[in-house]
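Visitor: Per my numbering, residue -13 is the first one in the sequence shown, and the count goes up by one each step. Glycine is no exception: its CB is placed at the ideal position from the N, C-alpha and C atoms. As the structure is a prediction and not an experimental result, all values here were calculated from the model. Please see the structure below; I have some questions.
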Amino acid sequence: MATRIADKYEAWKAEANARFDQLKANEEELNRIFAEIYDMVGEVPIEVEDKYVSVARIFDTADEIPESFKGNKYVRTRRDEIVSLISYAVGCMFGRYSLDKDGLVLANQGDTLATYLEQIPEPSYMPDEDNVLPITDGEYFEDDIVGMLVNWVRVTYGEETLEENLRYMADALGGTGTARQVIRDYFLKEFFNDHCQTYKKRPIYWLFDSGKKNGFKALVYMHRYQPDLLARLRTDYVHEQQERYRTQLSHLEEAEREAQGAEKTRIIKQQKKLNEQLDETVAFEEKVHHLADQMIEIDLDDGVKVNYAKFQDVLAKIK
-13 MATRIADKYE AWKAEANARF DQLKANEEEL NRIFAEIYDM VGEVPIEVED
37 KYVSVARIFD TADEIPESFK GNKYVRTRRD EIVSLISYAV GCMFGRYSLD
87 KDGLVLANQG DTLATYLEQI PEPSYMPDED NVLPITDGEY FEDDIVGMLV
137 NWVRVTYGEE TLEENLRYMA DALGGTGTAR QVIRDYFLKE FFNDHCQTYK
187 KRPIYWLFDS GKKNGFKALV YMHRYQPDLL ARLRTDYVHE QQERYRTQLS
237 HLEEAEREAQ GAEKTRIIKQ QKKLNEQLDE TVAFEEKVHH LADQMIEIDL
287 DDGVKVNYAK FQDVLAKIK
């Protein structure tokens, strides 16, 4: 049966806010009781300030958060909840989580899709096979991260409400364009920073990043890392993306010959963008090639900081 994310959000907000109100009321009641016991009624504060209540309180937007909540690290917005939902979806894409089983599924070093299928032989949502989720400014790959998310929303909430749910998610994230484009822009520009913030600058999903031109990006899950991952990333994804850029440039070159006016200007602008992305991926591919030849091993016991540094030339900076 199809489900609306908007309804799920409203139900969760009501539950969380009721819990907040109850905890605040409980703490104030305890303050009153102790004030009476020690004969200090009127001398000590009974009311608990909102900023000191240590459970989540959800507001639809940041603008709605009252001054009394400033400084409360548990305050959340609708955007925060959608970001958390997307993070969980990415976890399902990697097999860290599953729609069919509570808790962690793949969380040990070297886990693979086969490990996942041993626990969940017939998953309702199949994780990515090779542990590489490409993030590009168009849907070029079969396991494109936006396409994977759309399918996850379809499986989780139903086909009937798919477009409504995607629009709801996009509206919460903010931005312009179609729902899919807003979500794509989020993955390109914001997802990794949000992930680093959630995991206190110790990300478990690593972002391979060619640079500011968004020539090529891809997420991988560190627990599923294998020494041949960079070689596969290079040949199956970076090379493929470079060929797509070259093909597009070839087609634009032909179109430019016959174009005039505004259309010619648009084509020239697109050519410039694609050439910059191609140049960026060429430089990126050389760095990946150098590391891929080393067949680098990692040890999860060393921690994220040590392991991430081994690939710092090709990974996004942690901010």
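Residues in its own chain within less than 8 Å of residue 204 by CB, not counting five upstream and five downstream?
Guide: As a working mapping, residue 204 is identified with position 218 in the sequence shown. If we look at residue 204 and ignore the five residues flanking it on each side, its Cβ neighbours are 118, 119, 120, 121, 193, 194, 219 and 223.
Visitor: For residue 188, which residues in the same chain have their Cβ closer than 6 Å to its Cβ, ignoring the five residues on either side in sequence?
Guide: As a first step, residue 188 is located in the sequence shown; it is residue number 202 there, counting from the start. Counting only Cβ-Cβ distances below 6 Å, and skipping sequence neighbours, we find 290.
Visitor: Are the segment 275 to 283 and the segment 297 to 305 in contact at 8 Å, needing three or more beta carbon pairs?
Guide: With a cut-off of 8 Å, the segment 297 to 305 and the segment 275 to 283 count as touching, because enough Cβ pairs lie within range.
Visitor: Are the segment 52 to 61 and the segment 70 to 78 touching by the rule of at least three beta carbon pairs closer than 8 Å?
Guide: Verdict: no, contact absent.
Visitor: Distance, Cα to Cα, residue 284 vs residue 109?
Guide: What you label residue 284 is simply residue 298 of the sequence shown in a count that begins at 1. What you label residue 109 is simply residue 123 of the sequence shown in a count that begins at 1. Those two C-alpha atoms are separated by around 29 Å.
Visitor: Can you give me the C-alpha to C-alpha distance between residue 197 and residue 247, rounded to a whole angstrom?
Guide: By one-based count along the sequence shown, residue 197 stands at place 211. By one-based count along the sequence shown, residue 247 stands at place 261. Their backbone Cα atoms lie some 32 Å apart in a straight line.
Visitor: Tell me the rounded alpha-carbon separation between residue 227 and residue 158.
Guide: If you number the sequence shown from 1, residue 227 lands on position 241. If you number the sequence shown from 1, residue 158 lands on position 172. Approximately 31 Å between the Cα atoms of the pair.
Visitor: Determine, using beta carbons only, whether residue 141 and residue 111 come nearer to each other than 8 Å.
Guide: The count along the sequence shown starts at 1 and reaches residue 141 at position 155. The count along the sequence shown starts at 1 and reaches residue 111 at position 125. Contact flag set, yes.
Visitor: Using a 10 Å radius around the Cβ and a threshold of 16 neighbouring Cβ atoms, would you call residue 47 buried or exposed?
Guide: Residue mapping note: residue 47 aligns to position 61 of the sequence shown, counting from 1. Residue 47 should be labelled exposed.
Visitor: Can you tell which of 169, 96 and 70 has the C-alpha that lies nearest to the C-alpha of residue 207?
Guide: If you number the sequence shown from 1, residue 207 lands on position 221. Ranking the options by Cα distance to residue 207, first place goes to 96.
Visitor: Which residue from 17, 27 and 10 puts its Cα closest to that of residue 39?
Guide: Indexing the sequence shown from 1 puts residue 39 at position 53. When each option's Cα is compared against that of residue 39, the closest is 10.
Visitor: Evaluate residue 165 with the Cβ neighbour count: other Cβ atoms within 10 Å of its Cβ, from every protein chain shown; 16 or more gives buried, anything less gives exposed.
Guide: To locate residue 165, count along the sequence shown from 1; it is residue 179. Buried: at least 16 other Cβ atoms inside 10 Å.
Visitor: Residue 125 to residue 132, Cα distance in whole Å?
Guide: As a first step, residue 125 must be located in the sequence shown, where it is residue number 139. As a first step, residue 132 must be located in the sequence shown, where it is residue number 146. Using only the alpha carbons, I get a separation of about 8 Å.
Visitor: Give the list of continuous alpha helix (DSSP H) stretches no shorter than 4 residues that lie fully inside the segment -9 to 53.
Guide: With a minimum length of 4 residues, the continuous alpha helix (DSSP H) runs that stay inside the segment -9 to 53 are -9 to 23.
Visitor: Kindly indicate the opening and closing residues of the beta strand (DSSP E) around residue 205.
Guide: Counting from 1 along the sequence shown, the entry for residue 205 is found at position 219. Residues 203 to 207.
Visitor: I need the DSSP call for residue 195, collapsed to helix, strand or coil.
Guide: Here residue 195 is taken as the residue at index 209 of the sequence shown, counted from 1. Residue state, collapsed to three classes: strand.
Visitor: Is it the case that the Cβ atoms of residue 260 and residue 286 are separated by a distance below 8 Å?
Guide: Start at 1 with the first residue of the sequence shown, and residue 260 comes out as number 274. Start at 1 with the first residue of the sequence shown, and residue 286 comes out as number 300. Cβ distance not < 8 Å, so residue 260 and residue 286 don't count as in contact.
Visitor: Can you pull the DSSP bridge partners for residue 87?
Guide: Within the sequence shown, residue 87 is the residue found at index 101, counting from 1. 84, per the DSSP bridge assignment.
Visitor: With a Cβ-Cβ cutoff of 8 Å, do residue 43 and residue 6 count as a contact?
Guide: By 1-based counting over the sequence shown, the position of residue 43 is 57. By 1-based counting over the sequence shown, the position of residue 6 is 20. Yes; because the gap between Cβ atoms is below 8 Å, this pair is in contact.
Visitor: According to DSSP, simplified to helix, strand and coil, what is residue 92?
Guide: To locate residue 92, count along the sequence shown from 1; it is residue 106. DSSP places residue 92 in coil when its eight states are reduced to three.
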